[in-house]
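Only one structure is covered here, and it is reproduced in the block below.
Protein chains: 2
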Amino acid sequence: ETERVLLGHGSGGRLSAELIDEVLLPGLGAAAPGGPLEDAAVVTLAGSDLVLSTDAYVVDPLFFPGGDIGVLAVHGTVNDLAMRAAMPIALTVAYIVEEGLPIEDLRRVAASVGAAAVAAGVPVVTGDTKVVGKGAADRLFVITAGLGRRLPGAAPTAAGARPGDAVLISGPIGCHGITVLSTREGLGFEADVASDTRPLHRLVADMVDAGGLNLHTLRDLTRGGLASALNEIAAASKVGIEIEESALPVPEPVRAACEMLGLDPAYVANEGCLVAFVAPGAAEAVLAAMRSTPEGAEAVRIGVVHDHGPVLVRTAVGSRRVLDMLLGEQLPRIC
Amino acid sequence: ETERVLLGHGSGGRLSAELIDEVLLPGLGAAAPGGPLEDAAVVTLAGSDLVLSTDAYVVDPLFFPGGDIGVLAVHGTVNDLAMRAAMPIALTVAYIVEEGLPIEDLRRVAASVGAAAVAAGVPVVTGDTKVVGKGAADRLFVITAGLGRRLPGAAPTAAGARPGDAVLISGPIGCHGITVLSTREGLGFEADVASDTRPLHRLVADMVDAGGLNLHTLRDLTRGGLASALNEIAAASKVGIEIEESALPVPEPVRAACEMLGLDPAYVANEGCLVAFVAPGAAEAVLAAMRSTPEGAEAVRIGVVHDHGPVLVRTAVGSRRVLDMLLGEQLPRIC
Ligand SMILES: Nc1ncnc2c1ncn2[C@@H]1O[C@H](COP(=O)(O)OP(=O)(O)OP(=O)(O)O)[C@@H](O)[C@H]1O
Ligand SMILES: Nc1ncnc2c1ncn2[C@@H]1O[C@H](COP(=O)(O)OP(=O)(O)OP(=O)(O)O)[C@@H](O)[C@H]1O
Ligand SMILES: [Mg+2]
Ligand SMILES: [Mg+2]
Ligand SMILES: [Mg+2]
Ligand SMILES: [Mg+2]
Ligand SMILES: [Mg+2]
Ligand SMILES: [Mg+2]
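Top to bottom, those sequences are chains E and V. Counting from 17, one number per residue, gives the positions in the first sequence under UniProt numbering. Counting from 17, one number per residue, gives the positions in the second sequence under UniProt numbering.
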């Protein structure tokens with residue numbers, strides 16, 4: 017039987033990682049000499065550390081409370097640059113449009129891209145626009161790439177977490193995923209919750225000021241939610257992680273929606289939230305710096321790094337459970 | 017009635033230009049402070065001219081004689097960088113995959129991306145993979161972005177053509193478009209012709225050596241073919257252009273296919289062919305440099321720039337006709 021791509025291969029979970037590690041990376045071969053790629057890559061040129069990143073956006077619906085596909089596409093790429101402590105210099109934007117899309121929708125998305133880029137302080141310098149026939153795409157896909165420059169004195173990487181590091185989170189989780197799902201399915205939760213999409217580079221700049229090289233790892237929580245991000249970091253850094261369930265900031269509407277839908281908020285997507293792994297001596301200073309920014313006003317410490325073991329959650333009653341990586345899709349087309 | 021996106025809006029012709037100028041660029045607003053964007057944008061950083069470019073690939077079929085969607089995605093972005101006299105430093109690649117695509121197809125495309133990148137001497141430094149449900153995309157779309165560095169002593173731009181400039185072309189036209197169309201429709205011409213997809217940056221490096229700042233404009237001939245490229249350059253440079261029909265290198269199988277299909281080879285897509293606008297005193301030296309490379313072995317002079325007027329073709333019998341920009345689509349999903 018022919019092996020085929022499944023929806024779960026796009027989840028950001030275990031199937032995604034398998035597809036990348038067993039199909040896409042081996043395909044690249046010598047074109048990716050360093051092995052597994054990071055979400056944003058450092059390219060050293062004439063003494064300045066440049067950073068490149070790309071993401072494709074296929075969110076359904078195109079418009080939802082708190083944002084739209086254009087805003088996501090700008091913030092997502094700005095944020096993947098920021099996770100390498102890079103400030104954005106320039107963005108590119110490509111559209112794949114299905115024939116028949118109302119021009120007004122495209123106009124709204126382009127205006128969102130423009131407004132989000134201006135707000136993030138980064139120009140859009142070049143673009144591309146392709147149109148495919150009816151039924152060959154679902155309305156509109158937006159793909160951004162970004163060039164950034166790394167701040168001096170910081171070098172966070174997915175492989176940088178160390179035993180003893182404090183695990184900090186910049187704000188509440190689950191808002192984006194619940195908003196998109198609820199809007200798509202008409203569940204009504206979107207009256208009480210909106211996407212958290214926002215650029216995180218200014219927050220990161222303040223964290224770098226406070227923490228410098230003590231900022232070991234930064235990661236924005238996207239498709240696979242907090243659980244996938246923690247598992248990816250644990251694997252890349254070869255460490256264990258322990259999280260306090262009671263410390264996790266889950267807004268009440270997200271908690272209610274997750275209960276009704278049978279979802280775990282730790283797996284729900286976010287678009288404006290990061291985790292930071294920080295050397296213990298610098299954790300308080302970094303947390304204070306985060307709390308003094310609008311994006312990090314609700315930042316809290318949620319856990320600690322162990323020298324080995326799985327990603328564990330300690331519940332309120334003191335028991336521990338493993339917070340595993342999902343195999344496949346929790347919610348398709350969430351970003 | 018709702019205005020809607022038409023297939024022709026993706027043609028690279030007049031409708032494409034209208035969509036970009038009237039919808040997409042006004043949307044970007046202050047995020048695109050310099051007005052119309054170029055295919056690759058120069059970003060000045062710490063004294064070195066960096067260049068960024070992006071293109072989305074939606075070609076149908078995915079595989080065809082001479083290449084596939086992965087090869088195109090690498091060459092297309094390398095070539096848009098090269099048109100600004102930039103050598104590629106790093107690429108990003110994003111896939112949008114339709115659920116159900118055979119994994120083997122994805123493996124082949126990833127291997128093509130890898131092999132093409134290695135052959136062009138550029139690493140793929142980061143990527144993204146999204147999956148959408150059956151019917152929400154047509155098999156596979158590939159989106160690349162590229163970072164390059166401009167060679168010193170060259171600054172070609174679409175607005176740089178000057179009256180008196182020689183118009184040079186690097187090789188035969190029409191092969192890519194006829195190959196893809198014929199493969200898709202099962203017309204049989206693909207037995208005699210293959211896509212011309214190839215990287216052009218090494219050719220450009222030799223041209224820069226020979227011509228330097230006398231290289232006023234470089235343009236690769238993609239979707240809209242030679243005719244669209246010449247019209248875009250004429251508009252951006254505010255000049256007229258006159259081409260000798262008899263000088264146009266049209267391979268015999270392309271000529272035969274175009275006659276049977278009622279196509280004009282000047283509008284058929286290419287993926288490995290460029291036009292150069294060169295100050296008259298440097299034209300012979302640049303042409304000689306082109307001819308000494310594999311990519312430019314069949315380079316010829318095809319015309320001259322006038323100080324105003326349309327893009328004209330002088331036919332063998334001495335009459336002149338206007339080579340206009342097509343309104344919409346000649347061949348959809350050709351790249
Ligand atoms: N097609 C690909 N080829 C090579 N590497 C890839 C490909 N797609 C993804 N990757 C790599 O896999 C890792 C995980 O990518 P992923 O897209 O899940 O991260 P992300 O961009 O932070 O998340 P999201 O896309 O949800 O915003 C990244 O380091 C990325 O560079
Ligand atoms: N969505 C967009 N927003 C802003 N500018 C755009 C957009 N799409 C295209 N452009 C600009 O329009 C111009 C023409 O783009 P086009 O894609 O036709 O050029 P190309 O990449 O050389 O051709 P091809 O895509 O056929 O390879 C470019 O300068 C590009 O930057
Ligand atoms: Mg991302
Ligand atoms: Mg990320
Ligand atoms: Mg393009
Ligand atoms: Mg191009
Ligand atoms: Mg081009
Ligand atoms: Mg990604």
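Each residue gets a CB set at the ideal place from its N, CA and C atoms; glycine is no exception. Please read all numbers here as calculations on a predicted model, not as lab measurements.
A contact is defined here as three or more CB-CB pairs under 8 Å, and the stretch 333-344 of chain V fails this definition with respect to the stretch 266-279 of chain V.
Look at Leu229/E: its C-beta is not under 8 Å from any C-beta on chain V. Inside the UniProt domain "PurM-like C-terminal" (178-324) of chain E, DSSP marks whole beta strand (DSSP E) runs of 3 or more residues at positions 182-185, 231-236, 256-260, 290-294, 316-322, from first to last along the chain.
Taking C-beta atoms under 8 Å as the contact rule, Pro281/E and Glu314/E fail to qualify, at a distance of about 15 Å. For Ile105/V, the three-state secondary structure derived from DSSP is strand. Assignment of alpha helix (DSSP H) within the stretch 24-50 of chain V, counting only whole runs of 4 or more residues, yields 30-35, 41-44 in chain order. A distance below 6 Å between beta-carbons, with the five flanking residues on each side excluded, links Ala175/V to the following residues of its chain, in chain order: Ala252, Ser253. Shortest gap from the CB of Asp222/V to any heavy atom of ligand 8: 7 Å or more. Not one beta carbon of chain E lies nearer than 8 Å to the beta carbon of His91/V. Annotation: the continuous beta strand (DSSP E) that includes Asp65/V extends over 64-73. Secondary structure at Arg349/E: coil, using DSSP grouped into helix, strand and coil. Measuring C-alpha to C-alpha distances from Asp323/V to each of Thr238/V, Asp181/V, Ala332/V identifies Asp181/V as the nearest.
Contact between Val291/V and Val134/V fails: their C-beta atoms lie close to 28 Å from each other, not under 8 Å. Apart from the 5 residues on each side of it in sequence, His217/V sits with its Cβ closer than 6 Å to the Cβ of Val94, Ala98, Met103 in its chain, given in chain order. A Cβ of chain E is located within less than 8 Å of the beta carbon of Glu115/V. Short note on Gly92/V: C-beta closer than 7 Å to some heavy atom of ligand 6.
Secondary structure note for Thr173/V: it is in no beta strand (DSSP E), with a DSSP letter that is neither H nor E. Rounded to whole angstroms, the Cβ separation of Leu66/V and Val59/V is 5 Å, and the two are in contact under 8 Å.
The residue among Arg178/V, Gly24/V, Glu206/V, Phe79/V with its C-alpha nearest the C-alpha of Val129/V is Phe79/V.
Taking a contact to require three or more Cβ pairs closer than 8 Å, the stretch 226-242 of chain V and the stretch 160-173 of chain V qualify as touching.
For Leu53/V, DSSP assigns no beta-bridge partner whatsoever. Against chain V, the beta carbon of Ile105/E has neighbours under 7 Å at Val59, Leu61, listed in chain order. The residue from Leu234/E, Pro77/E, Leu44/E with its alpha-carbon nearest to that of Glu206/E is Pro77/E. At least one C-beta of chain E is nearer than 8 Å to the C-beta of Gly130/V.
If you draw a straight line from the Cα of Arg124/V to the Cα of Ala72/V, it is about 18 Å long. Closest in C-alpha terms to Val224/E, from the list Pro269/E, Ala243/E, Leu303/E, comes Leu303/E. At least one CB atom of chain V sits nearer than 8 Å to the CB of Arg349/E. Using a Cβ-Cβ cut-off of 9 Å, Ser244/V is close to nothing in chain E; its nearest Cβ partner there is about 14 Å away. At the C-beta level, Leu163/E and Leu343/V stay beyond 8 Å of one another. Any heavy atom of ligand 8 within less than 5 Å of a residue's beta carbon puts that residue on the list, which reads Asp71/E, Asp144/V. Contact annotation: in the stretch 203-236 of chain V, no residue has its CB less than 9 Å from a CB in chain E.
Close to chain E, meaning a Cβ-Cβ distance shorter than 8 Å, is no residue of the stretch 170-186 of chain V at all. In terms of beta-carbon proximity, Thr195/E stays away from the interface with chain V, with every pair separated by 8 Å or more. Restricting attention to alpha helix (DSSP H) runs no shorter than 4 residues, the stretch 81-128 of chain E encloses them at 85-98, ordered along the chain. Taking the CA atoms as reference points, Gly28/E sits about 43 Å from Ile249/V. Contact note: Gly241/V does not reach chain E at a C-beta cutoff of 7 Å; the least C-beta distance is about 16 Å.
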